[in-house]
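Participant:
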Amino acid sequence: MKMLFVLPFMPGKNSDQAGHRLAFSNIFDAAIGAEVSLFVILTKAELPSDDLKNLCLGGIHIHRISRLDFIFNCIFQFPSIYFRFLTRASKRIFKSLRHVVDAARYDEIRFEFSQTLFYSSYLRRTLGDRCPVLNLSVHDLQFQLVLRRKIEGLLSKWVWLTERMLLNSADVITVLSEKDKVFVNYLLDVPRRVKVEAPKINVLFDAIKVRRGNVVAQPNTILYWGAMNRVENEDAVVHFYQTTLIRLHENGYFFKLLVVGSRPSERLKALASKLITVTGFVDDPSDYFLQASIAVIPLRLGAGVKIKTLELKASGIPLILSTPIGAEGVGGEEASLHVIGLENFYEELRSRYVTVQ
492 MKMLFVLPFM PGKNSDQAGH RLAFSNIFDA AIGAEVSLFV ILTKAELPSD
542 DLKNLCLGGI HIHRISRLDF IFNCIFQFPS IYFRFLTRAS KRIFKSLRHV
592 VDAARYDEIR FEFSQTLFYS SYLRRTLGDR CPVLNLSVHD LQFQLVLRRK
642 IEGLLSKWVW LTERMLLNSA DVITVLSEKD KVFVNYLLDV PRRVKVEAPK
692 INVLFDAIKV RRGNVVAQPN TILYWGAMNR VENEDAVVHF YQTTLIRLHE
742 NGYFFKLLVV GSRPSERLKA LASKLITVTG FVDDPSDYFL QASIAVIPLR
792 LGAGVKIKTL ELKASGIPLI LSTPIGAEGV GGEEASLHVI GLENFYEELR
842 SRYVTVQ
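Be aware that the sequence shown starts at 492, since it is given in this note's numbering, and climbs by one per residue.
#1: Measuring CA to CA, which of L577, H552, G549 and I551 is closest to R558?
#2: Taking C-beta to C-beta, are K700 and G807 nearer than 9 Å?
#3: Have a look at N545 and K504 and give me their C-alpha separation to the nearest angstrom.
#4: Since A786 and I767 are thought to touch, with beta carbons under 8 Å apart, how far apart are those beta carbons, to the nearest angstrom?
#5: Beta-carbon separation of L533 and R555 under 9 Å?
#6: Would you check if the distance between the CB atom of S777 and the CB atom of L695 is smaller than 9 Å?
#7: Whole beta strand (DSSP E) runs in the region 736–802 with 3 or more residues, listed along the chain?
#8: Going by alpha carbons, who is nearest to V591 out of L625, L495 and D697?
#9: Determine, using beta carbons only, whether I737 and L840 come nearer to each other than 9 Å.
#10: With C-beta atoms as the reference, is F674 less than 9 Å away from F604?
#11: Once you ignore the five residues that flank I572 on each side, which residues in its own chain have a CB closer than 6 Å to its CB?
#12: To which residues of the same chain is G510 closer than 6 Å at the C-beta, ignoring the five residues directly before and after it?
#13: Between the region 639–653 and the region 612–621, can you find at least three pairs of beta-carbon atoms closer than 8 Å?
#14: Between which residues of its own chain and R683 is the CB-CB distance below 6 Å, once the five residues before and five after are set aside?
#15: N517 lies in the alpha helix (DSSP H); which residues open and close that run?
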């Protein structure tokens with residue numbers, strides 16, 4: 492079997508982005524039973540990775556996209572396609588993709604992330620019955636994000652129409668949870684086969700759980716884990732600090748906060764103090780996970796399954812406090828995972844404060 496992955500980012504085994512690590516895992520699994528090729532669309536600033544050379548026996552095709560490509564596509568595709576689906580779209584790159592597909596005659600093409608769905612639709616229209624199996628792997632449903640932000644009217648209709656049209660180009664749609672499957676079939680009204688692939692978690696977090704049996708976590712130590720250059724993570728940390736942590740400190744509950752994740756902004760770095768550590772990228776977060784007795788996921792933005800939540804669960808951290816957004820699509824009852832509203836974080840943490848002599 493010959494399989495082509497089309498990606499808008501370079502996946503990596505130890506990438507600082509959870510979605511990129513998940514894409515690497517998908518490629519690794521596919522390479523066990525197929526000859527895998529990659530078609531990767533990068534900006535000029537993004538660097539290729541050597542992680543995948545030994546897995547991709549069919550080769551790795553790298554193409555560069557510019558900001559001008561995005562601007563031209565927004566102009567020429569308006570109003571038929573919502574602009575968020577065009578961030579990696581280019582007719583020039585589509586021609587290159589079509590050439591690769593015609594030359595290799597793949598059995599299946601898997602498009603990872605919403606940014607590549609534009610190319611799936613084009614292939615379906617231009618190849619018709621000669622088209623290989625098109626598998627659209629959707630990590631975040633854009634219409635779900637719009638609903639979460641309570642955006643109504645023409646914009647929400649635009650997103651719904653675009654996402655529905657692009658997903659209908661698929662033979663198979665792959666999502667991360669049963670909730671997303673229901674969303675695709677019923678709210679987006681896409682009558683396609685939808686397959687649920689629960690994310691596989693890096694064995695690092697299982698190893699942390701094993702080590703936890705021999706390590707005593709530090710009392711009153713809170714962990715926030717995630718890629719800090721993502722808007723939803725920065726918003727969560729800042730809002731938690733402003734509404735909960737400051738209030739706890741003012742009332743004598745001196746929790747320590749560990750903010751662990753790559754590329755924090757200057758705004759986040761400015762929070763660093765005796766009681767707040769902002770690490771930036773770390774090769775191995777194990778020590779920080781083992782220090783923490785509590786993890787928080789106070790997300791207000793975003794939609795879909797959060798890989799960070801699954802990683803925290805797998806690590807065996809004693810207590811995880813999450814908003815409903817942070818726990819979305821996470822199956823199974825876990826004693827460690829407490830799903831509460833943002834307004835309840837203060838009281839929940841206050842009640843669990845340990846007075847250290």
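Glycine is no exception: its CB is placed at the ideal position from the N, C-alpha and C atoms. Computed from a predicted structure; not experimentally measured.
Facilitator: With the given structure in hand:
#1: Minimum Cα distance to R558 is reached at L577.
#2: Contact: yes.
#3: The straight-line gap from Cα to Cα measures roughly 13 Å.
#4: Wrong, their Cβ atoms sit about 15 Å apart, outside the cutoff.
#5: Taking 9 Å as the cut-off, the beta carbon of L533 is found closer than this to the beta carbon of R555.
#6: Cβ atoms of S777 and L695: closer than 9 Å.
#7: Contiguous beta strand (DSSP E) elements confined to the region 736–802 occur at 747–751, 767–769 and 785–788, taking only those with 3 or more residues.
#8: The shortest Cα separation from V591 among L625, L495 and D697 belongs to L495.
#9: No, Cβ-Cβ distance for I737 and L840 is not below 9 Å.
#10: No; because the gap between Cβ atoms is not below 9 Å, this pair is not in contact.
#11: Exclusion of the five residues before and after I572 leaves T653 as the residues of its chain whose Cβ lies within less than 6 Å of its Cβ.
#12: The answer, listed in chain order, is H630.
#13: Counting Cβ pairs under 8 Å, fewer than three are found: no touch.
#14: Same-chain partners within the cutoff: A661 and I664.
#15: In this chain, the alpha helix (DSSP H) harbouring N517 covers A509 to G524.
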